[in-house]
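Novice:
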Amino acid sequence: MKNSLPETGGFFARDRVMHPPAYTPGYKTSVLRSPQRALISLDGTKSEITGPVFGHSMINEFDNDLIVNFAKPGEMAIGQRIMVHGRVLDERGVGVAGALVEFWQANAGGRYRHKKETYLAPLDPNFGGFGRCVTDENGYYAFRTIKPGPYPWPNGVNDWRPAHIHFSVFGHGFAQRLITQMYFEGDPLIWICPIVKTIPDEEAIKRLIAPLDMNNTVPMDLRAYKFDIVLRGRRSTFFENRKEGN
Amino acid sequence: MVQPLNYLKESASQTAGPYVHIGCTPNFTGIHGVYETDLGSGPMANDKTRGERVTIKGRVIDGSGTPLKDAMVEIWQADANGFYNSPSETRGAADPNFFGWGRCPADMVTGEFVFETIKPGSVPFNDGRPMAPHVTLWVVARGINIGLHTRMYFSDEEAANAQDPILGRIEHRVRVPTLIGKREGDVVTFDIHLQGEHETVFFDI
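Here you go:
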């Protein structure tokens, strides 16, 4: 049975022991960019339990196809062809419908298309490296891309990011706003990455690693990786609305 | 034995990184032809939007006093009557000409972010008391492991700010001014200090 009324309950408290803390000196940039004072806690008000919702109409036909969305007509990006798909759920296991999911990544050689990027690996003239989609009524999303390469970065002397795709996700409330990264099953760089290791909880790291999904792999075409994203759950509204007397 | 609760765990946050613009504001970084415009860019109010026009300007500043040139700021706010344009707004219909959400990357040279918006109306707190007009901000960047939530109030709302239930909860009163945008004419200036003596109050919401 589906509850068709809009949900107005507050969100489950964030487990900040599971999330990375602000100050993680192994990731050097966090040292001067981490607040040192405690966060002030507040139960969500209207300002936090509401949030922008984006329609399917803003999505163009190829927004979720990174193999072609930047390519010249008739050409395609170079690299391992993959599909990434899964559901945006909340902590209750409910699919989050109409959630905007944005993603960006380096090309097959680990090179980002960004004017501040100086890595010597070349750009792919047919690869932009970003896309977006809005989840369906069950919270499902999917996109086609090429598998990003690992990428060196000036943190330690010889630090390399594992292959990863950045995700930005909107739920239904601004308090659910989340940016995270997806990693790929079996990549040995995951466990030595200072950014991955900002997450203190090994189980939480594993939840960011997408498994190879042979069931959705298309023979002679592309491999699939499955990546579910979980946003904060929200409380039942039965005893929430009366406080305001409306 | 009891029934299992069976809740899932939230996905862990990770930094947006230095190239957040590629995914969120590609035109800003010079990648044209995929999205017509960057989501959340441009004026938040149009000719029909109700309310007083204000420009919110600021910078995100690190613990050494240096403005971040790779931050991204999003704001979320009510319309001029205090209604949110959201399915979870149950008190009434928001202004159809005001979406209420904006996104701005920090300027790559100066670090400044700018929102052309309207001054929001008052929104009730959970117990019905009015909250002073405010804008909710969310800040991400390289070096920030989990997005930071804060609020900006308006310096020309001194009486309402004094009664605001959220500002009232801040035990160290010397920190309250870090949440007050300084209004001069139509421009409200709000610098966000990540660390140090003037560290902005951030919320766990």
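As you go down the protein sequences, you meet chains V and R in turn.
Everything in the first sequence is counted per our numbering, starting at 1 for the first residue and increasing by one.
Everything in the second sequence is counted per our numbering, starting at 1001 for the first residue and increasing by one.
For every residue, glycine included, the Cβ atom is placed at its ideal position computed from N, Cα and C.
Since the structure is predicted, the reported quantities are computational estimates derived from the model, not experimental observations.
Comparing C-alpha positions only, which one of R/THR1049, R/GLY1168, R/LYS1182 and R/ASN1027 sits nearest to R/CYS1104?
Specialist: If you number the second sequence from 1, residue 1104 of chain R lands on position 104. Checking every option, the nearest Cα to that of R/CYS1104 belongs to R/ASN1027.
Novice: Can you pull the chain V residues whose beta carbon is under 8 Å from the beta carbon of R/ASP1051, in chain order?
Specialist: As a working note, residue 1051 of chain R is residue 51 in the second sequence. A small correction: the amino acid at residue 1051 of chain R is Gly; Asp does not occupy that position in the sequence shown. Near R/GLY1051 there are no residues of chain V at all, since even the closest Cβ is about 17 Å away, more than 8 Å.
Novice: Starting from V/VAL53, find everything on chain R with Cβ-Cβ shorter than 7 Å and list it in chain order.
Specialist: As a position in the first sequence, residue 53 of chain V is number 53, starting the count at 1. Near V/VAL53 (Cβ distances below 7 Å), the residues of chain R are SER1086 and PRO1087.
Novice: Which first and last residues belong to the alpha helix (DSSP H) in which R/SER1064 is found?
Specialist: Working through the second sequence from its first residue, we reach residue 1064 of chain R at position 64. It is not in any alpha helix (DSSP H) - R/SER1064 carries neither H nor E in the DSSP assignment.
Novice: Applying the criterion that 16 or more other CB atoms from any shown protein chain within 10 Å of the CB defines a buried residue, is R/TRP1101 buried or exposed?
Specialist: Position 101 of the second sequence holds residue 1101 of chain R. R/TRP1101 should be labelled buried.
Novice: Which same chain residues end up closer than 6 Å to V/LYS110 when comparing Cβ atoms and leaving out the 5 residues on each side of it in sequence?
Specialist: For the purposes of this step, residue 110 of chain V is taken as residue 110 along the first sequence, with counting starting at 1. According to the sequence shown, residue 110 of chain V is Gly rather than Lys. The residues are ALA121, GLY149, PRO150 and TYR151.
Novice: Hey, how far is the Cα of R/GLY1111 from the Cα of V/VAL157?
Specialist: The residue labelled residue 1111 of chain R in the question sits at position 111 within the second sequence. The residue labelled residue 157 of chain V in the question sits at position 157 within the first sequence. When rounded, the distance between both Cα atoms is 28 Å.
Novice: With V/VAL134 and V/PHE54 assumed to form a contact (beta carbons below 8 Å), what rounded beta-carbon distance in angstroms separates them?
Specialist: Here residue 134 of chain V refers to the residue found at position 134 when the first sequence is read from its first residue. Here residue 54 of chain V refers to the residue found at position 54 when the first sequence is read from its first residue. Confirmed, about 6 Å.
Novice: Step through the CB atoms of chain V and report whether any lies within less than 8 Å of the CB of R/MET1131.
Specialist: The count along the second sequence starts at 1 and reaches residue 1131 of chain R at position 131. Judged by the 8 Å Cβ criterion, R/MET1131 is in contact with chain V.
Novice: Starting from R/HIS1021, follow the alpha helix (DSSP H) in both directions and report where the run begins and ends.
Specialist: Taking the first residue of the second sequence as position 1, residue 1021 of chain R is located at position 21. That run of the alpha helix (DSSP H) goes 1020-1024.
Novice: Tell me whether the beta-carbon of V/VAL88 lies closer than 8 Å to the beta-carbon of V/TYR23.
Specialist: What you label residue 88 of chain V is simply residue 88 of the first sequence in a count that begins at 1. What you label residue 23 of chain V is simply residue 23 of the first sequence in a count that begins at 1. In this structure, V/TYR23 does not lie closer than 8 Å to V/VAL88 by Cβ.
Novice: Between R/ILE1144 and V/PRO25, what straight-line distance do the alpha-carbon atoms span, to the nearest angstrom?
Specialist: Locating residue 1144 of chain R in the second sequence gives position 144, where the first residue counts as 1. Locating residue 25 of chain V in the first sequence gives position 25, where the first residue counts as 1. Their backbone Cα atoms lie some 12 Å apart in a straight line.
Novice: How about V/PRO20 and R/ALA1132: are their beta carbons less than 8 Å apart?
Specialist: The count along the first sequence starts at 1 and reaches residue 20 of chain V at position 20. The count along the second sequence starts at 1 and reaches residue 1132 of chain R at position 132. No. Outside cutoff.
Novice: Quick check: the Cα distance between R/VAL1140 and R/ALA1071, rounded to an integer number of angstroms?
Specialist: Numbered from 1 along the second sequence, position 140 holds the residue referred to as residue 1140 of chain R. Numbered from 1 along the second sequence, position 71 holds the residue referred to as residue 1071 of chain R. Rounded to whole angstroms, R/VAL1140 to R/ALA1071 spans 6 Å at the Cα level.
Novice: If I measure Cβ to Cβ from V/ILE195 and keep anything under 6 Å in the same chain, skipping five residues before and after, which residues do I get?
Specialist: The residue given as residue 195 of chain V occupies position 195 in the first sequence. Once the five neighbours on either side are set aside, the close Cβ partners of V/ILE195 are TYR27.
Novice: So R/THR1055 contacts chain V; which residues on that side make the cut at Cβ distance below 9 Å?
Specialist: Locating residue 1055 of chain R in the second sequence gives position 55, where the first residue counts as 1. None at all; the shortest Cβ gap to chain V is about 20 Å.
Novice: Once you ignore the five residues that flank R/PRO1067 on each side, which residues in its own chain have a CB closer than 6 Å to its CB?
Specialist: Numbered from 1 along the second sequence, position 67 holds the residue referred to as residue 1067 of chain R. Closer than 6 Å at Cβ, skipping near neighbours: ARG1059, ILE1061 and GLY1111.
Novice: Flag this pair as touching only if the region 1012-1022 of chain R and the region 195-212 of chain V have three or more C-beta atom pairs under 8 Å; answer yes or no.
Specialist: yes
Novice: Look at the alpha carbon of R/LEU1179 and the alpha carbon of R/GLU1157, and state the distance between them as a whole number of angstroms.
Specialist: In the second sequence, the residue the question calls residue 1179 of chain R occupies position 179. In the second sequence, the residue the question calls residue 1157 of chain R occupies position 157. R/LEU1179 and R/GLU1157: Cα-Cα distance of roughly 12 Å.
Novice: Entirely within the region 1141-1177 of chain R and at least 4 residues each: give me those alpha helix (DSSP H) ranges in chain order.
Specialist: 1158-1163
Novice: Which chain V residues sit within Cβ distance under 9 Å of R/THR1037?
Specialist: Position 37 of the second sequence holds residue 1037 of chain R. Going along chain V, no residue has its Cβ under 9 Å from R/THR1037, so there is no contact; the nearest lies around 10 Å.
Novice: So with Cβ pairs under 8 Å, would you call R/PHE1203 a contact of chain V?
Specialist: Residue mapping note: residue 1203 of chain R aligns to position 203 of the second sequence, counting from 1. At least one chain V Cβ lies under 8 Å of R/PHE1203.
Novice: For V/SER47, which residues in the same chain have their Cβ closer than 8 Å to its Cβ, ignoring the five residues on either side in sequence?
Specialist: Indexing the first sequence from 1 puts residue 47 of chain V at position 47. Cβ within range, chain order: PHE174.
Novice: Should R/GLU1171 go down as buried or exposed, given a rule of 16 or more other Cβ atoms within 10 Å for buried?
Specialist: The sequence position of residue 1171 of chain R within the second sequence is 171, counting from 1. R/GLU1171 comes out exposed.
Novice: Please determine, among V/ASN138, V/TYR183 and V/ILE209, the residue with the shortest C-alpha to C-alpha distance to V/ALA106.
Specialist: If you number the first sequence from 1, residue 106 of chain V lands on position 106. It is V/TYR183 whose Cα lies nearest to the Cα of V/ALA106.
Novice: Which first and last residues belong to the alpha helix (DSSP H) in which V/ILE49 is found?
Specialist: Along the first sequence, read from residue 1 onward, the residue named residue 49 of chain V stands at position 49. Note, V/ILE49: alpha helix (DSSP H), 46-49.
Novice: Do the CB positions of V/PHE170 and V/PRO35 come within less than 8 Å of each other?
Specialist: On the first sequence, residue 170 of chain V is found 170 positions in, with the first residue counted as 1. On the first sequence, residue 35 of chain V is found 35 positions in, with the first residue counted as 1. Cβ distance not < 8 Å, so V/PHE170 and V/PRO35 don't count as in contact.
Novice: So what does DSSP say about V/GLN181, is it helix, strand or coil?
Specialist: Here residue 181 of chain V refers to the residue found at position 181 of the first sequence. V/GLN181 falls in the strand class under three-state DSSP.
Novice: Using a Cβ-Cβ cut-off of 8 Å, state whether R/TYR1153 counts as contacting chain V.
Specialist: Walking along the second sequence from the start, residue 1153 of chain R turns up at place 153. Not one beta carbon of chain V lies nearer than 8 Å to the beta carbon of R/TYR1153.
Novice: Let's see if you can read the secondary structure: which residues bound the beta strand (DSSP E) around V/ALA142?
Specialist: To locate residue 142 of chain V, count along the first sequence from 1; it is residue 142. Note, V/ALA142: beta strand (DSSP E), 140-146.
Novice: Is there at least one Cβ from chain R nearer than 8 Å to V/PRO20's Cβ?
Specialist: Counting from one through the first sequence, the residue named residue 20 of chain V turns up at place 20. Interface residue, yes.
Novice: Buried or exposed for V/ASN3, going by 16 or more other Cβ atoms inside 10 Å?
Specialist: Translated into the one-based positions of the first sequence, residue 3 of chain V becomes position 3. Residue confidence for V/ASN3 is low, a pLDDT of 49 falling below 50, so the modelled location carries little weight and cannot support an answer.
Novice: Measuring straight from C-alpha to C-alpha, what distance separates V/VAL68 and R/ARG1091?
Specialist: Locating residue 68 of chain V in the first sequence gives position 68, where the first residue counts as 1. Locating residue 1091 of chain R in the second sequence gives position 91, where the first residue counts as 1. If you draw a straight line from the Cα of V/VAL68 to the Cα of R/ARG1091, it is about 44 Å long.
Novice: Does R/LYS1119 come out as helix, strand or coil in the three-state DSSP assignment?
Specialist: Position 119 of the second sequence, counted from the first residue, corresponds to residue 1119 of chain R. Of the three classes helix, strand and coil, the one that applies to R/LYS1119 here is coil, per DSSP.
Novice: Regarding V/ARG207 and the ligand NAP, is the C-beta to nearest heavy atom distance less than 7 Å?
Specialist: In the structure on display, the ligand NAP does not appear, and there are no ligands present to speak of.
Novice: Just the C-alpha distance for R/MET1069 and V/VAL101, rounded to the nearest angstrom, thanks.
Specialist: Looking up residue 1069 of chain R in the second sequence gives position 69. Looking up residue 101 of chain V in the first sequence gives position 101. Note that residue 1069 of chain R is Lys in the sequence shown, not Met. The straight-line gap from Cα to Cα measures roughly 24 Å.
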